[in-house]
């Protein structure tokens, strides 16, 4: 069933990771230089700037997809 205008994708999912989260653990990675830092609880990796090059970081699980 496809629902329009309710936050669902065309495939019926809820965006990345089907609307869920990856939990408090894990690692944030810079896609440009590869620097890794522990994922801080309650903070999205994309809001963190890489300490080495200043680019936004990404959750390691998303980088490896």
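In my numbering, the protein residues as written are 36 to 100. Heads up, the beta-carbon is just placed ideally off N, CA and C, and yes, glycines get one too. Just so it is clear, the structure is predicted and the values come from calculations on it, not from any experiment.
The C-alpha of residue 63 is placed about 14 Å away from the C-alpha of residue 88. Nearest in C-alpha terms to residue 67, of all of 77, 91, 99, is 91.
Taking 7 Å as the cut-off, the Cβ atoms of residue 80 and residue 94 count as close. Proximity to residue 83 across 65, 97, 99, 96 peaks at 65, based on C-alpha coordinates.
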